[in-house]
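Asker: Pasting a structure below so you can have a look.
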Amino acid sequence: MTADPARLEAWFANQGWTPFGFQREVWSAMAAGRSGLLHATTGSGKTFAVWMGALQRACLGPGLQVLWLTPMRALAADTVRALQGPLPVLAPDWQVAARTGDTPSADRARQERRWPQALVTTPESLSLLLTRADARDVLGAVHTVVVDEWHELLGSKRGVQVQLALARLRRWCPTLAVWGLSATLGNLDEAMRALVADADGLLVRGRIDKSLRIDTVLPPAAGRFSWAGHLGAQMRVPVIEEIERASTTLVFTNVRSQAEIWYQWLLQERPQWAGEVAVHHGSLDPSVRAWVEAGLKAGSLKAVVATSSLDLGVDFLPVERVLQIGSAKGVARLLQRAGRSGHAPGRESRVTLVPTNTLELVEAVAARRAALAGRVESRQSPDKPLDVLVQHLVTVALGGGFDDDLYDEVRSAPAYVGLTRAEFDWALRFCERGGDSLGAYPDYHRIALVDGRWCVPDRGIARRHRLQVGTIVADASMPVKWLGGGVLGHVEESFIARLKPGDVFVFAGRVLEFVRARDLVAYVRASSRSRGAIPYWGGGRMPLSTELAEAVREVLDEARLALGVSVARDGLDASGIPDPAGPAQPLALASAPQAATVLAEPEMQAATPMLQAQARLSRLPARDELLVERMRSREGHHVFVYPFAGRNVHIGLAQLLAWRLARGVPNTWSISVNDHGFELLAAREPDLRALDDGSVLAAGDLMADVLASLNSGELAQRRFREIARVAGLVFSGYPGAPKSLKQLQASSGLFYEVFRKYDPANLLLGQAEQEVLSQELELQRLSDALARMAGQRRVTVELKAPSPFALPLMVERLRERLSTEQLKDRLERLVAASERALQPARGRRAREAVGAGQV
DNA sequence: GACCTGCTGCGGTTTG
574 MTADPARLEA WFANQGWTPF GFQREVWSAM AAGRSGLLHA TTGSGKTFAV
624 WMGALQRACL GPGLQVLWLT PMRALAADTV RALQGPLPVL APDWQVAART
674 GDTPSADRAR QERRWPQALV TTPESLSLLL TRADARDVLG AVHTVVVDEW
724 HELLGSKRGV QVQLALARLR RWCPTLAVWG LSATLGNLDE AMRALVADAD
774 GLLVRGRIDK SLRIDTVLPP AAGRFSWAGH LGAQMRVPVI EEIERASTTL
824 VFTNVRSQAE IWYQWLLQER PQWAGEVAVH HGSLDPSVRA WVEAGLKAGS
874 LKAVVATSSL DLGVDFLPVE RVLQIGSAKG VARLLQRAGR SGHAPGRESR
924 VTLVPTNTLE LVEAVAARRA ALAGRVESRQ SPDKPLDVLV QHLVTVALGG
974 GFDDDLYDEV RSAPAYVGLT RAEFDWALRF CERGGDSLGA YPDYHRIALV
1024 DGRWCVPDRG IARRHRLQVG TIVADASMPV KWLGGGVLGH VEESFIARLK
1074 PGDVFVFAGR VLEFVRARDL VAYVRASSRS RGAIPYWGGG RMPLSTELAE
1124 AVREVLDEAR LALGVSVARD GLDASGIPDP AGPAQPLALA SAPQAATVLA
1174 EPEMQAATPM LQAQARLSRL PARDELLVER MRSREGHHVF VYPFAGRNVH
1224 IGLAQLLAWR LARGVPNTWS ISVNDHGFEL LAAREPDLRA LDDGSVLAAG
1274 DLMADVLASL NSGELAQRRF REIARVAGLV FSGYPGAPKS LKQLQASSGL
1324 FYEVFRKYDP ANLLLGQAEQ EVLSQELELQ RLSDALARMA GQRRVTVELK
1374 APSPFALPLM VERLRERLST EQLKDRLERL VAASERALQP ARGRRAREAV
1424 GAGQV
């Protein structure tokens, strides 16, 4: 028995709503039993579209029929509320309930006595349901699964876990309908296929009429806006004025400390706002966060400063304005944040960018252009991660067991279409015997064949497995110790992993030499060198996306053309600007008038002083040029390169170049990177012929060189820790008695060593290496960048003073080893040098500088 | 006058 479509209309009419076209489209597809992906912004009525469709398929009666997956516990309760609305009309017998990690045990018990017809849950909780011996009894009648915020899950192992669970459910109910809800993605078709697998899926685009506005808060004095920096202190007053003009504003920052700082600034400038502004990020206690979210919902807060912790969730917020402080880093991220405003059908979404340095003014134009053109990043599902498979095999063995045909079921999950029988059998044997090296340890004999079915005979193993379900592994930090003992503090493992013995870095105000990492402690000794500081790379998880980086190159190129034209027209001595029509640059001058329009953008007008300074002190590179700047200072010999390819790629490029350059003539390089370029600083005069002739940029044996230039063994070992945890090799302890991080690290390090020695064919080792290359080093992006650079003309400029492009890189490096006061002094000297070089009277020097750079 | 750095997300045993 299914609900009458007329009743759907009646329910909507009752609310005073008329269904949108896309909602009807979803209903009819679902009534026909189809699966699909609904692409729509939040607050567009997508929840109702899919929920009403699910009810049309309802077989009224007891038993679980609809599963609704959400990536965040906090969204579950909201979703239950939203789903309950139409129930009295359409399915009065139905119950909707949430089940996540924070569901009280009394509620769980009640659910298990009589399952609700619809359950809102997380991917992890669904996997836990699959570990129940009665999994098939509980889940066998599920005919519809909705995966909310699929774009959030798709690219991660959490998404793979969802795919495996769906494969299981599909086995039990071949007519299973799966619907994903997703925000904008560059690869919606692929995203849908990952979810619906072989089914004939329908991609529905909801409410595309929603208008989008991306504008920028301009710095008060454009000519004096900082070339470097990420905090945005100069934007305090303009931001506060924006907040004052709106009822409620969400202020997004990129990092937690920045959120805290901005929160303090707001209170300093407007003490009367105490109690009306708040801060929200992932390190805050959940109770504080809940208070802030409730305040937002109630409309009692004027502004909240947040990190991406507020990207999702808290639906139906009365947020009027969204500000983004600093780079949005990606188009999808910007759109997501824009979507937090105008959160109702028909209302405009608006996000206002707040640049924190002059290059971000250019980036703002690029971001708007890419966003309006729909150049949105793609997300790829991980390719057959074996750690997730191993976990799933144990899960299924617990949940009623399996026999030989599980291989086909697993391969029906799109992430595993390429899984070979040998790989599957390896995973199976690994669950059975712990692979070639752990045969003697019963703890790793997790599954066994009993009466032709694989199951988990040991109750202790079963219990521990249920405690370990999931793929999220928290970041770890490593203590930094003197060789003689004594802890200096903790730093991210990812940082230590990139160090080679002998590397010098700065930490806790000291210059330290990295000696070795052992048992996950970084041992150091004091270094007598004053330079050689390697920057702190942090997580480096937020590089400028490929799409945004490309748009920045585009906008810069147009600005170069337009500025060249306008400077010449204004009769200014074109001293600083290499003649755009000169023979060295056979430019497509036809595009100049087009390019001139880019300067009409208000952000570009504000950025013009910086761009002119760059042109005079150095050069604005054309798209087919790779700008290399060199400078001598008391620090040594600087080489700046600007591929505009995002910081992860620049880390790899900088390491690679330093390594290749030092291969000929040994030298010690300090490295500094940002999203636009990188700096190599050598103490001794370097031999740059390989850079000049381009041979250093040759693809060559890229993989081998990258591996050699980085401490890839450390990287892989760190990666392996996650894999060991997901694959269930490492047990993190019972709730209330968790094992220390050190214990966990020691044991996963042990596994890594044992496998390498006694089980080198262990496929989890290979997975660790693959993940390092593809995710951390972004090898594909790196080789793309290298290919592009090799095809560009290198233009080398000798700098007399730091250029606007170079200054942020120098600051980045200096910051690591100077106190705030020292840095301030140093910066003042650097900037003064740039300003002197820019004086008209010294135009001759600048001209010389630029002239010397012509290739 | 220019400086502050890197996000998010989940799960939960114990049974003589």
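With the working numbering applied, the first sequence corresponds to residues 574 to 1428, in that order.
Yeah, the Cβ is synthetic: ideal placement off N, Cα and C, and Gly gets one too.
On a predicted model such as this, the values are computed, not experimentally measured, just so you know.
May I have a chain-ordered list of the alpha helix (DSSP H) segments no shorter than 4 residues that lie completely inside the region 1339-1412?
Answerer: Those alpha helix (DSSP H) runs which fall completely within the region 1339-1412 and span 4+ residues are 1352-1364, 1379-1388 and 1393-1411.
Asker: Below 8 Å on the Cβ atoms is my contact criterion, and I expect GLU1252 with ARG1386 to pass it. Report the Cβ-Cβ distance as a whole number of Å.
Answerer: Stepping through the first sequence from its first residue, residue 1252 is reached at position 679. Stepping through the first sequence from its first residue, residue 1386 is reached at position 813. About 7 Å separates the two Cβ atoms, so the contact holds.
Asker: Between GLY899 and the rest of its own chain, which residues show a CB-CB distance below 6 Å, the 5 nearest in sequence each way excluded?
Answerer: Residue mapping note: residue 899 aligns to position 326 of the first sequence, counting from 1. Only HIS803, ASN827 and THR929 meet the Cβ criterion.
Asker: Using 8 Å for Cβ pairs, my map puts PRO1377 next to TRP800. What's the rounded Cβ distance?
Answerer: Numbered from 1 along the first sequence, position 804 holds the residue referred to as residue 1377. Numbered from 1 along the first sequence, position 227 holds the residue referred to as residue 800. Right, their Cβ atoms sit about 5 Å apart.
Asker: By Cβ distance below 6 Å, which residues in the same chain neighbour LEU737 in space, the five residues on each side in sequence not counted?
Answerer: What you label residue 737 is simply residue 164 of the first sequence in a count that begins at 1. So the qualifying residues of the chain are HIS965 and ALA986.
Asker: Ignore the nearest five residues each way along the sequence and tell me which others in ARG1142's own chain have a CB closer than 8 Å to its CB.
Answerer: Numbered from its first residue, the first sequence carries residue 1142 at position 569. At ARG1142 the pLDDT is 47, less than 50, meaning the model places this residue with poor confidence and gives no usable figure here.
Asker: Closer than 7 Å by C-beta to CYS1004: which residues in its own chain qualify, once you throw out the five before and the five after it? Chain order, please.
Answerer: What you label residue 1004 is simply residue 431 of the first sequence in a count that begins at 1. These residues qualify, in order along the chain: VAL963, LEU966, VAL967, ARG1019 and ILE1020.
Asker: The alpha helix (DSSP H) with CYS1004 in it runs from where to where?
Answerer: By one-based count along the first sequence, residue 1004 stands at place 431. Element bounds for CYS1004: 994-1006.
Asker: Could you give the DSSP three-state label for GLN1041: helix, strand or coil?
Answerer: Reading the first sequence from its first residue, position 468 is the one you call residue 1041. GLN1041 falls in the coil class under three-state DSSP.
Asker: Do VAL1046 and ARG1298 have their CB atoms nearer than 7 Å?
Answerer: To locate residue 1046, count along the first sequence from 1; it is residue 473. To locate residue 1298, count along the first sequence from 1; it is residue 725. Contact flag set, yes.
Asker: Can you give me the Cβ contacts of LEU757 inside the same chain, cut-off strictly under 6 Å, excluding the 5 residues immediately before and after it?
Answerer: Position 184 of the first sequence, counting from 1, holds the residue named residue 757. Correcting the residue identity first, residue 757 is Thr in this sequence and not Leu. Excluding sequence neighbours, THR757 sits near LEU908 and VAL949.
Asker: Return the first residue and the last residue of the beta strand (DSSP E) that GLN837 is part of.
Answerer: Within the first sequence, the letter at position 264 stands for residue 837. That residue, GLN837, is in no beta strand (DSSP E); its alpha helix (DSSP H) goes 829-842.
Asker: Run through DSSP, which three-state label would GLU685 get?
Answerer: As a working mapping, residue 685 is identified with position 112 in the first sequence. Looking at GLU685 - three-state DSSP - the assignment turns out to be helix.
Asker: Within the continuous alpha helix (DSSP H) that includes GLU1202, where are the two ends?
Answerer: If you number the first sequence from 1, residue 1202 lands on position 629. Element bounds for GLU1202: not the alpha helix (DSSP H) but the beta strand (DSSP E), 1198-1206.
Asker: Compare the beta carbon distance of SER951 and ASN1221 with 7 Å and say whether it is the shorter of the two.
Answerer: For the purposes of this step, residue 951 is taken as the residue at position 378 of the first sequence. For the purposes of this step, residue 1221 is taken as the residue at position 648 of the first sequence. Contact flag unset, no.
Asker: Starting from the C-beta of THR789, find all residues in its chain whose C-beta is less than 6 Å away, skip the five residues before and the five after it, and write them out in chain order.
Answerer: Your numbering for residue 789 matches position 216 in the first sequence. Around THR789: LEU926, ALA937 and GLU1176.
Asker: According to the neighbour-count rule (16 or more other Cβ atoms, all chains shown, within 10 Å of its Cβ), is ALA579 buried or exposed?
Answerer: By 1-based counting over the first sequence, the position of residue 579 is 6. With fewer than 16 Cβ atoms within 10 Å of its Cβ, ALA579 is classed as exposed.
Asker: Pop quiz: HIS612 and GLY779 are said to be a contact at Cβ under 8 Å. What is the actual Cβ separation, rounded to whole angstroms?
Answerer: Taking the first residue of the first sequence as position 1, residue 612 is located at position 39. Taking the first residue of the first sequence as position 1, residue 779 is located at position 206. Sure, about 6 Å apart at Cβ, within 8 Å.
Asker: What is the DSSP secondary structure of TRP1055, counted as helix, strand or coil?
Answerer: For the purposes of this step, residue 1055 is identified with residue 482 of the first sequence, where counting begins at 1. Strand at TRP1055.
Asker: Using the C-alpha atoms, what's the distance from GLU1123 back to LYS1073?
Answerer: The residue labelled residue 1073 in the question sits at position 500 within the first sequence. The residue labelled residue 1123 in the question sits at position 550 within the first sequence. Taking the straight line joining both Cα atoms gives about 32 Å.
Asker: For THR822, count the other beta carbons within 10 Å of its own beta carbon; 16 or more makes it buried, fewer makes it exposed. Which is it?
Answerer: Counted from its first residue, the first sequence places residue 822 at position 249. Classification of THR822: buried, given that the 10 Å Cβ count is 16 or more.
Asker: Excluding the five sequence neighbours on either side, which residues of its own chain have a C-beta within less than 6 Å of the C-beta of TYR1325, listed in chain order?
Answerer: Here residue 1325 corresponds to residue number 752 of the first sequence, with the count starting at 1. Once the five neighbours on either side are set aside, the close Cβ partners of TYR1325 are GLN1290 and PHE1293.
Asker: Run the CB neighbour count on GLU1295, radius 10 Å, all protein chains shown included, and call it buried at 16 or more, exposed below.
Answerer: On the first sequence, residue 1295 is found 722 positions in, with the first residue counted as 1. It counts as buried.
Asker: Between ARG894, VAL1303, GLU1401 and ASP773, which lies nearest to LEU875 when the distance is taken from Cα to Cα?
Answerer: Counting from 1 along the first sequence, the entry for residue 875 is found at position 302. The residue asked about is misnamed: residue 875 is Lys in this sequence, not Leu. Residue ARG894 is the option with its Cα nearest to LYS875.
Asker: So, using beta-carbon positions, are CYS1028 and GLY974 closer together than 7 Å?
Answerer: On the first sequence, position 455 is the one that residue 1028 refers to. On the first sequence, position 401 is the one that residue 974 refers to. Against a cut-off of 7 Å, the Cβ pair of GLY974 and CYS1028 comes out as a contact.
Asker: In terms of DSSP beta bridges, what is ALA879 paired with?
Answerer: Along the first sequence, read from residue 1 onward, the residue named residue 879 stands at position 306. For ALA879, which the question treats as bridged, DSSP gives the partners PHE825 and HIS853.
Asker: One question on the structure: do ASP1130 and ALA1195 come within less than 7 Å of each other, judged by their Cβ atoms?
Answerer: As a working note, residue 1130 is residue 557 in the first sequence. As a working note, residue 1195 is residue 622 in the first sequence. Their beta carbons are under 7 Å apart, which means ASP1130 touches ALA1195 by this criterion.
Asker: Report the residue from SER873, LEU857 and ARG1329 whose alpha carbon sits nearest the alpha carbon of SER1010.
Answerer: Translated into positions along the first sequence, residue 1010 becomes position 437. Of SER873, LEU857 and ARG1329, the residue nearest in Cα terms is ARG1329.
Asker: By Cβ distance below 6 Å, which residues in the same chain neighbour LEU1275 in space, the five residues on each side in sequence not counted?
Answerer: Locating residue 1275 in the first sequence gives position 702, where the first residue counts as 1. Taken in chain order, the residues that qualify are SER1356.
Asker: Hey, could you find the ends of the alpha helix (DSSP H) ARG646 is sitting in?
Answerer: Residue numbering aside, residue 646 sits at position 73 when the first sequence is read from its first letter. Segment 646-657, the alpha helix (DSSP H) holding ARG646.
Asker: Classify ALA1272 as buried or exposed, calling it buried when 16 or more other Cβ atoms lie within 10 Å of its own Cβ.
Answerer: Stepping through the first sequence from its first residue, residue 1272 is reached at position 699. Its Cβ having fewer than 16 others within 10 Å, ALA1272 is exposed.
Asker: Does the region 657-676 come close enough to the region 690-699 to have 3 or more Cβ pairs within less than 8 Å?
Answerer: Enough Cβ pairs lie closer than 8 Å, so yes.
Asker: Measuring CB atoms only, is the region 654-661 touching the region 681-688, in the sense that at least three cross pairs come out at less than 8 Å?
Answerer: No, because fewer than three Cβ pairs between the region 654-661 and the region 681-688 fall closer than 8 Å, the two stretches do not touch.
Asker: Mind checking who GLY753 pairs with in its DSSP beta bridge?
Answerer: Sequence index remark: in the first sequence, residue 753 carries index 180 (1-based). Answer is LEU610 and VAL720, bridged to GLY753.
Asker: Go through its chain and collect everything with a Cβ distance to LEU1270's Cβ below 7 Å, but skip five positions before and after it.
Answerer: The count along the first sequence starts at 1 and reaches residue 1270 at position 697. LEU1359, MET1362 and ALA1363.
Asker: Nearest to PHE1087 by alpha carbon, out of GLY1008, GLU1120, MET1115 and VAL1053?
Answerer: Your numbering for residue 1087 matches position 514 in the first sequence. Cα-wise, what sits closest to PHE1087 is VAL1053.
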